Structure formats: structure tokens, C-alpha cells
């Protein structure tokens, strides 16, 4: 595993790199210990051996426990919702209600998936919905690229810019020691503008590549959605409301009650159990389905724990500040805005070998949050740079298994998707750059 190899590489660096440290001080305004610029100095060598590197892995799981628990419990809750048929029912409802309105269904579908991406980092949940979405696409005369763009693509945009996404913004803000809803207004504006831009590009592509619709195909595809068990019922609406309730409660709790990730995790645990019971699973099936969902998130949790151990190894070896110093020295000769912009391609590149958004956050934010302190701009700007680079790379990298599965199910070759998505991602980066500049 690449992340596991990174732990060994980090241990090796503690034998190679010179050791050094910055002085740190307590910042009464933020309650954090921050780096004092210009105080880097040599420190006694502390190389990390093989056994210490192995020990760092369980330490990493402990250090990232609140993040890992959130991933497991949120994953369990959403698998319960998916197994109840609620997510397919929402898509089926869209097929039944809007297929006769031509391309105007695209913004409706994209807004739904963009919202779900912003709320819960929706990715894998899209895969079983692709057949229904392709039926909808056939009904309005659009190809697979349009179907992927209005579903997975919109979800990736929502996840990248969503202010309440617990797996990207939430984790990055937590690691950077920032309030859970830091710069929430700015992030919400970025989300709205980003989704509007993505939907406009999707609509433009759909108009240019629209195919003739066979007679009666719209009604036929709507009937297909209904006959496949995707009928939206009051129970499904209630289950969906229960599933998103933890996010709404978390927003209020973070603002008024000093809530953190543990409260959000507890909310997802309660919502998952409640949704299963309301949906008719019964207690036994609800619990077993919830556990199945948690099992599906074990690999993501494993990546988070190991990624967290990388920073522990570098910290034990007293080379974290050495790396910071190496980054800050050239960036210090540039304007602060330029240094923030240069973080975006770095995060895009690192997301290729580390495709887990949460693992990426835990790996990089401990390094780049102090860089912001040293260069005199806000940590929020560094987090936005991470979301822009890493979040948008979700829709481009072949190491993202969910993306590849959706493309395969939709019959869209990766090269064909990239020809469309690269243009959109490039324009969305501009939104990230502007957002980071405003957050500085």
C-alpha cells in the first residue's frame, strides 16, 4: 500500500534529513500553539527505527480516533439508507416527475447529487444508481458523459466546496485546529457558484451532444424507474430526512454548543438505527446492515490511521519543522497569495497516490496549517487550497475507485470523461483561488 510505504519513507527521512525545530507560543486569540516565524534552529537527532515506525501505526489510529469513528458510523448509516432503497427511490422519483421536461431535469438531478456530496461526501452510493440514471439519460436524449457529470461530477463538486462535508472540510478544519464551520459563509458561496458553473457546463455539453429521442421513450423510462422498485414514498422521504438530520444538528451544535466530530458521529449512529427501524428493517437487520456499512469503510479508516501515523513519525524524528522550513524558505520569497495558489497543485498531485479525501487531509494539513502561520495568512486559506486541489482531483484521478466504477457502469471511457471534466475542473480551480484569497 502506498500510504504504508509512506510510513517507511517517513522513518527513512528521519535518518537522512537534518533535525530542527521552530519555537512555538500560545496564541490567546485562537487558543492554539503556533509557530514563531524566524526561530528555526537545529535540534538533537532522533531517528525512528523499524519497530518505532511499526508502533506509530496504532498511535496513528489513536490520534485519529474521532475521525475514524466518524467515517465508520457515517458509512454505516448511509449504507442502511441505501439498502432501504431510499437513494434509488429519490432518483426514481426524479425520473417519474421530470423526465418529460427535457434537459431541465439535469439541474434538478445535479442539485440533488451536489447537495449530497456537500452533506456526506457521496461517492460509492452513486454506483448502484447508474442504471436508473442511464435510463433517465436515454429518456431525455443525453449520453453517458452527461449522466456522469450530473450525478458523480456534481457530487464531487459539492464535496470539494461543501462547508459541512464531514469527510473533507470537517476533517481538514479539525486537523488545522479551526472551528468546524470556519468561514462558512465564504464556503457556502463557493459551493453555490461552483455548482452553478458545473451545471451550466453540463447543460452546454448536453445541448451540443443531444441525441434524438425514440418515440415514447420518456414515458417508457419513467415506467422503468417505477417498476424497478424505485417509487418514492412517504417512508422514503422520512428516512432521507432522518439521514440528513445529523448534519443539520451538527451545524447548530457547532455554532451554539461547541460540538465537534464526536457529536456528529453520535448523530449518524442514532440516525442510522432510527432510519432502519422506520424503514421496516427491524432491530436485527438494522444492526447487521449498519455493521456491513461500517465494514465497507474499513479501508478508508485504515488509510486515515496510517496517514496520521506518517506525521507522528516525522514529528518523533524532529524533521517536521525541517520540512516546513524547506517549504517556507522558497515560498517566503513570494507574495503570500502566490504561496497559497501553489498549494493547490501540490494537493492535486498528492491526491493521486492518496485518493482518500479524509486520509489526504490528515496527511497534509499538519504540515500546511503551520505554513500559513509562518507566512502570515489564515489557516482557512490553507484548508480551502486543500479542498480545491484534493477535492477537485476526485473527479480526475484513476485511483478513485468510485469514479472508475461509475464510468464503467455508464460505459464512458476515462479519456472521454477527462476531455469534459478537465475544462470544468480548471474553471472550478479559479473559484478555489478566489476563495483562498478572500480567506487570507
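In this note's numbering, the protein residues as written are 35 to 474.
The C-beta atom is built at its ideal place from N, Cα and C for all residues, glycine as well.
From a predicted model like this one, the values you see are computed outputs, not experimental measurements.
Count the other C-beta atoms from every protein chain shown that fall within 10 angstroms of the C-beta of residue 428, then say buried if there are 16 or more, exposed otherwise. buried
Output needed for residue 95: all residues of its chain with C-beta closer than 7 Å, excluding positions within five of it in sequence on either side, in chain order. 102, 339
Under 8 Å, do residue 386 and residue 322 count as touching if we go by C-beta distance? no
Can you give the beta carbon distance from residue 350 to residue 80, rounded, assuming they're within the 8 Å contact cut? 6 Å
Counting Cβ pairs, one atom from each stretch, are 3 or more of them under 8 Å apart for the stretch 388 to 396 and the stretch 114 to 126? no
Counted within 10 angstroms of its Cβ, other Cβ atoms place residue 410 as buried (16 or more) or exposed: exposed
Residues sharing a beta bridge with residue 55, DSSP: 75
Which residue's Cα is closest to the Cα of residue 416: 274, 240, 202? 202
Would you mind sorting residue 75 into buried or exposed? The rule is 16 or more other CB atoms within 10 Å of its CB. exposed
Proximity winner among 383, 87, 397, relative to residue 423 (alpha-carbon distances): 383
Buried or exposed, going by whether 16 or more other CB atoms sit within 10 Å of the CB of residue 358? buried
Reduced DSSP secondary structure (H/G/I, E/B, other) of residue 242: helix
Tell me which residue opens and which closes the alpha helix (DSSP H) that residue 159 is part of. Here residue 159 belongs to no alpha helix (DSSP H), and DSSP marks it neither H nor E.
Give the range of the alpha helix (DSSP H) segment to which residue 451 is assigned. 448 to 473
Leaving out five residues before and five after residue 244 in sequence, what residues of the same chain have Cβ atoms less than 7 Å from its Cβ? 175, 176
Taking C-beta to C-beta, are residue 105 and residue 392 nearer than 8 Å? yes
To the nearest whole angstrom, what separates the beta carbons of residue 112 and residue 154, a pair I think is in contact under 8 Å? 6 Å
Rounded to whole angstroms, what's the CA-CA distance from residue 314 to residue 218? Just pull it up for me. 37 Å
Quick one: what's got a C-beta closer than 6 Å to residue 107's C-beta in the same chain, skipping five residues either side? 299, 302, 303
Given 8 Å as the limit, is there contact between the stretch 447 to 457 and the stretch 374 to 383, that is, 3 or more CB pairs closer than that? no
Step through the CB atoms of chain B and report whether any lies within less than 8 Å of the CB of residue 206. Absence of chain B from the displayed structure is noted, only one protein chain being present.
How close, in whole Å, do the beta carbons of residue 325 and residue 110 come, if the pair is a contact with beta carbons under 8 Å? 7 Å
Among residues of its own chain, excluding the 5 on either side of residue 185, which ones have a beta-carbon nearer than 6 Å to its beta-carbon? 147, 160, 167
On the DSSP letters alone, give me the boundaries of the alpha helix (DSSP H) that residue 420 sits inside. 413 to 420
Proximity of residue 274 and residue 143 at Cβ, strictly below 8 Å: no
If you count every other CB in all the chains shown that lies within 10 Å of the CB of residue 460, and 16 or more means buried, which is it? exposed
Helix, strand or coil, according to DSSP, for residue 390 in the structure here? coil
Note the first and the last residue of the continuous alpha helix (DSSP H) segment covering residue 323. 316 to 330
Drop a sphere of 10 angstroms on the beta-carbon of residue 288, count the other beta-carbons inside from all chains shown, and report buried for 16 or more, exposed for fewer. buried
Under the rule that 16 or more other beta-carbon atoms within 10 Å means buried, what is residue 197, buried or exposed? buried
If you drop the 5 nearest sequence neighbours on each side, which residues of the same chain put their C-beta closer than 8 Å to that of residue 395? 202, 205, 206, 209, 420, 424
Can you find a heavy atom of the ligand NAD that lies under 7 Å from the Cβ of residue 112? As for the ligand NAD, it is missing from this structure, which has no ligand bound.
Whether residue 229 touches residue 192 by CB criterion (8 Å): yes
Beta carbon of residue 57 nearer than 8 Å to that of residue 296: no
Taking just the CA atoms, how far does residue 441 sit from residue 433? 13 Å
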